[in-house]
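Data first, discussion second: the structure below is written as structure tokens.
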Amino acid sequence: MAIGIRHTSSNLKKRLCFFGVLFDISVRLHFGRPESRLVKQIIHHILKKLNYASSSDLKGLVGMDSRMKQIEALLCTQLPEVCFVGIWGMGGSGKTTIAGEIFNKIAREYEGHYFLANGTGKVEGIFLDVSKLRTENVEGMFLNVSEIREIELSSTAFARLYNLRLLKIYNSVAGDKCTVHLPSGLESLSHELRYLHWDGYPSTSLPCNFRPQNLVELNLSSSKVKQLWRGDQNLVNLKDVNLSNCEHITSLPDLSKARNLERLNLQFCTSLVKVPSSIQHLDRLNDLDLRGCTSLINLPSRINSRCLKSLNLSGCSNLKKCPETARKLTYLNLNETAVEELPQSIGEQSGLVVLNLKNCKHLVNLPENIYLLKSLLIADFSGCSSISRLPDFPRNISYLYLNGTAIEELPSSIGGLRELIYLDLSGCSSITEFPKVSNNIKELYLDGTAIREIPSSIECLCELAELHLRNCKQFEILPSSICKLRKLERLNLSGCLQFRNFPEVLEPMVCLRYLYLEQTSITKLPSPIGNLKGLACLEVGNCKYLNDIESFVDLQLPKRCVDLDCLRKLNLDGCSLSEVPDSLGRLSSLEVLDLSGNNFKTIPISINKLLELQYLGLRNCKRLKSLPELPPQLSKLDADNCESLNYLESSSSTVVQGNIFEFIFTNCLSLCRINQMPYLLMKFQLYTKKLHQLPNVREGACSFCLPGGVSPQWLSHQSWGSTITCQLSSHWANNEFLGFCLCAVIAFHSFSHSLQVKCTYHFSNEHGDNHDLYCYLHGWYDEKRIDSDHILIGFDPCLVAKEDYIFSDYSKVLVEFQLEDMNGNLLPLDLCQVHECGVRLLYEDGIHCIDYYCDPLEAMFQAKRARFQGSCSEDYIVMSFMFSKLANSLDFQLYPKELYRQEEPDVPAVPSSFWICGDTTPEWFSHQSWGSTVTCQLSSHLANSEFLGFSLCAVIAFRYFKNSLQVKCTYHFSNEHGDSHDFYCYLRIWNYERRTCSEHIFVGFDPCLVIKENDMFSKYNKVSVEFQLEDINGIFLALDVCQVCECGVRLLDAKDKHGLETRLQAQ
């Protein structure tokens, strides 16, 4: 907000000017005051400035001094001008502190000064402050309401501002609703107003006693006003009126006295039925904008203003007649009106530059004298479906839009339009011959015409850069002379079903960058394709007769394929490919590759050599069974409806180059989710590492979509429905914080839309403070048909939480998941609904725990894959994996000797443990039992040097489980003499609340060092191992939520290790 105060002068001020010289002061004086009072005021001002001292102390403000000097230099206080300097920064960076110190330092140099801090929350106070001033001095008031939630003003808010000349209440954020309300209306406004700008003015009219005789500019855009004022008003000074988007206004007052009005903006006044007839006499009117006035029926037959240059009637769908105007018009827009004809005087508009008649469906004929429009550069008649015949056009025309008209031929004069560079005849289905146009034409659109062939004379169009013949169903022949068009950049023949043979490329076409041949009948690609040296995009989708894709890729070129270095996009969608050639990996510059709708079963591993590849399309590849390791920069993979896909290679060597990745596996019902999880988690891990190590990497979109109906177990916070609440620690948004992992389980029913998930964070604390943020999990833009449950998982780095200190004050966050289409519209619940959701806060020291989840998931998938292929048993794969990943990685000598003794108060968890989905103890465990206890007979040499430890297994059934979990494994040693000894260890699984309703297998390895170090264990010949379920605090869990159904033990020795290693190497 800014308040303007008038500076007055007098003879007395001149007499006292020496005070200003001596003390560098300026005193504002007025007549009509007693001399004694005046002297007292002078003394007060002088003493104030002599005794001035800042109330603040910069000693404690580290680093502020240099910043203040920098801003002071920008203020240029020596210049007699108004200067604005913005101080930008995140919350808590000291913006207000710096501004306040500068104010304290320089305020004494000005007659009037005021420091307004935190104006957003004190707007009502602003008006109170104004009322305390001498109101006759306030001449200007500017208020930005973009960050104000809601305020109500009194009807007398401006009553005492008698000299107010400038009033601007505006919203700097486009599209925001009005936040200022006048529940009792507005009683008065200053008659001195020159400038009145009030976005979203909330009352239905201006005050009834308002006299606008001094008003120069009136702007009430997007307001609720129905009428401006009543009666005949003196508007002699009014020059600019903006009532755009005033949807309630139905009529305008008499404007006959607004003789100086220059601009009248009434766009999208949808209730406006008519404009006053006085508008035709506004001699200085130069811009009349009535676009979108859908209720407007008629206008005065003539507008006489000699200054009128722009007349915009676009979208006035009920307007049937165009008014005549004076000859100064340069812009006339009648787009989507109901006009039936143009006035004959149109030919007199010699200065007209733009004529827009787009979609004037009722317009039948164009005036013959249109050729007299000597200044006309742009003429748009597109969509005028009733026009069947064209007059001659003026010679200087440059852009001519005739698409969607009913013309059968072009006037013979079209070839003489030397300045014509753009011609659009798309949809003119009666055009059968290639138009004879000037050699200067640059863009020619002939889509959907009946043209059968292009003449060889096309080589004369030496400036032609774009030629479009899309969906020309009769088109067959493209001459070889097309190669002589040195400037041709874009050639579009897609949808030309009769087109079979692309001519031989006899000369290098260096400029041709885009070649579109989709849905044509070509059997081979342009040859030699190496002559298309500048080709960046090749679209040959749905060319079902194409049979030389492999030869295209091989090209019999040198190893580097130097002639295709520019190729960035290759579309082979629906080309009936039964195999993807290995040589595809040679197209090293590819960024977009679409192989959708083909019949191949595998993709060659050479695809990972496409280091620039960012998009891979595999939609509807119904026979595709597996994916190899994917390229490192791949940011989007769309594998929708790949029914046979069951394996996705994941590799820890993959390097994430970008910060955006969206992988879509919708309707891939054969794809095991546990295989996708390692790849998904690996992406998260690599991405978060990069984001943390390189602060300049900004957040991007990161999401995976796959079939499934249950949230992944590694999400620490889970809930039914579409909202979940997480408690936050006191320093949750510290430098170690990497972001949020987010998950929504969505049930689809007859769904066929685009999709995105809006995730809103509602932060709050016990003091009532709150703040909302949101992000999006991107789904897909196209319409996908889905009828099953799917999981959408994403990662949000939530950088704003790290950059703004205020988020550390919040102790709780509620995350809400909402389903929208890509236009931001909420999707109906009968089509899709969030059934479950999950969240995990990820920290730097927790990145490595992702491996903890990746490895067992990968192992379980390999096991199921091996069983499916019949190569070896699932049990062998799982347990050999467990041994190789866990037991073999342990350095047993590093364990402290007392690690597992019973007397230790804090028994550490066994580090070598993991869990997988399943309901059966693997056969590899030599001792198995129902229930929670299993007994093993021990040999007399249990604790010899070959003994490595115990492998432990518990199959646990969960029912509506939502808790932390650890498995206490107690060893009860005994012998026939009654001797016994107990000790225990923990399989510590979940340190936080986790929700699950299915059965899981928990496996661990315990080196059991105490047995090897204590000779007494050699006397025991039996051990019973008991499995008990506890939460992380050691409290036993209820049997109705979780129970050990089966358990197993295997005593491991060196022979087991050697045997497993041998079998692993063989496998």
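Residue numbering for the sequence shown follows full-length UniProt numbering, beginning at 1 and increasing consecutively. We put the beta carbon where it would ideally sit given N, CA and C, even for glycine.
Cβ-based burial, residue i [other Cβ within 10 Å; buried from 16]
{"i": "residue 1048", "result": "buried"}
{"i": "residue 810", "result": "buried"}
{"i": "residue 445", "result": "buried"}
{"i": "residue 73", "result": "exposed"}
{"i": "residue 605", "result": "exposed"}
{"i": "residue 146", "result": "exposed"}
{"i": "residue 775", "result": "buried"}
{"i": "residue 948", "result": "buried"}
{"i": "residue 997", "result": "exposed"}
{"i": "residue 101", "result": "buried"}
{"i": "residue 781", "result": "exposed"}
{"i": "residue 573", "result": "buried"}
{"i": "residue 1016", "result": "exposed"}
Three-state class that DSSP yields for residue i in the structure shown
{"i": "residue 519", "result": "coil"}
{"i": "residue 707", "result": "strand"}
{"i": "residue 569", "result": "strand"}
{"i": "residue 345", "result": "helix"}
{"i": "residue 960", "result": "coil"}
{"i": "residue 260", "result": "coil"}
{"i": "residue 999", "result": "strand"}
{"i": "residue 586", "result": "helix"}
{"i": "residue 974", "result": "strand"}
{"i": "residue 281", "result": "helix"}
{"i": "residue 807", "result": "helix"}
{"i": "residue 152", "result": "strand"}
{"i": "residue 1068", "result": "In the structure as shown, the chain begins at 1 and stops at 1067. Residue 1068 is therefore absent and cannot be evaluated."}
{"i": "residue 979", "result": "coil"}
{"i": "residue 713", "result": "coil"}
{"i": "residue 139", "result": "strand"}
Cα-Cα separation, residue i to residue j
{"i": "residue 986", "j": "residue 842", "result": "25 Å"}
{"i": "residue 52", "j": "residue 141", "result": "Low confidence applies here, because residue 52 scores a pLDDT of 48, under 50, leaving its location unreliable and the question unanswered by this model."}
{"i": "residue 1008", "j": "residue 973", "result": "13 Å"}
{"i": "residue 819", "j": "residue 196", "result": "42 Å"}
{"i": "residue 221", "j": "residue 251", "result": "15 Å"}
{"i": "residue 428", "j": "residue 403", "result": "6 Å"}
{"i": "residue 357", "j": "residue 275", "result": "22 Å"}
{"i": "residue 873", "j": "residue 519", "result": "Because residue 873 carries a pLDDT of 44, less than 50, the predicted location of this residue cannot be relied on, and no value is offered for it."}
{"i": "residue 614", "j": "residue 150", "result": "46 Å"}
{"i": "residue 1046", "j": "residue 928", "result": "7 Å"}
{"i": "residue 441", "j": "residue 419", "result": "8 Å"}
{"i": "residue 783", "j": "residue 753", "result": "4 Å"}
{"i": "residue 792", "j": "residue 241", "result": "51 Å"}
{"i": "residue 398", "j": "residue 376", "result": "8 Å"}
{"i": "residue 575", "j": "residue 830", "result": "37 Å"}
{"i": "residue 194", "j": "residue 281", "result": "23 Å"}
{"i": "residue 1069", "j": "residue 529", "result": "The shown model of the chain, from 1 to 1067, leaves out residue 1069, and the question about it has no answer."}
{"i": "residue 618", "j": "residue 491", "result": "26 Å"}
{"i": "residue 199", "j": "residue 366", "result": "41 Å"}
{"i": "residue 437", "j": "residue 452", "result": "17 Å"}
Span of the beta strand (DSSP E), counted from its first residue to its last, around residue i
{"i": "residue 265", "result": "263-265"}
{"i": "residue 100", "result": "Where residue 100 is concerned, there is no enclosing beta strand (DSSP E), although the alpha helix (DSSP H) it sits in stretches over 95-106."}
{"i": "residue 1035", "result": "No beta strand (DSSP E) holds residue 1035; DSSP gives it neither H nor E."}
{"i": "residue 783", "result": "770-786"}
{"i": "residue 545", "result": "No beta strand (DSSP E) holds residue 545; DSSP gives it neither H nor E."}
{"i": "residue 933", "result": "933-937"}
Endpoints, the alpha helix (DSSP H) within which residue i is located
{"i": "residue 1090", "result": "For residue 1090 there is no data in the structure shown, the boundaries of the chain being 1 and 1067."}
{"i": "residue 1077", "result": "With the chain covering 1 to 1067 only, the question about residue 1077 has no answer from this structure."}
For the segment 756-768 against the segment 704-716, are there 3 or more C-beta pairs whose distance is under 8 Å?
Contact between the segment 756-768 and the segment 704-716 is absent: fewer than three C-beta pairs spanning the two stretches fall below 8 Å.
With contact counted as at least three CB pairs below 8 Å, one residue from each stretch, are the segment 307-327 and the segment 282-297 in contact?
yes
Kindly confirm or deny that the segment 792-802 and the segment 727-746 touch, where touching means at least three C-beta pairs closer than 8 Å.
yes
The segment 964-973 / the segment 1018-1036 touching (three or more Cβ pairs under 8 Å):
They touch, by the three-pair rule.
Is it the case that the segment 979-993 contacts the segment 935-946, given that we only count it when at least three CB pairs across the two stretches are under 8 Å?
Judged by Cβ distances under 8 Å, the segment 935-946 makes no contact with the segment 979-993, as fewer than three pairs qualify.
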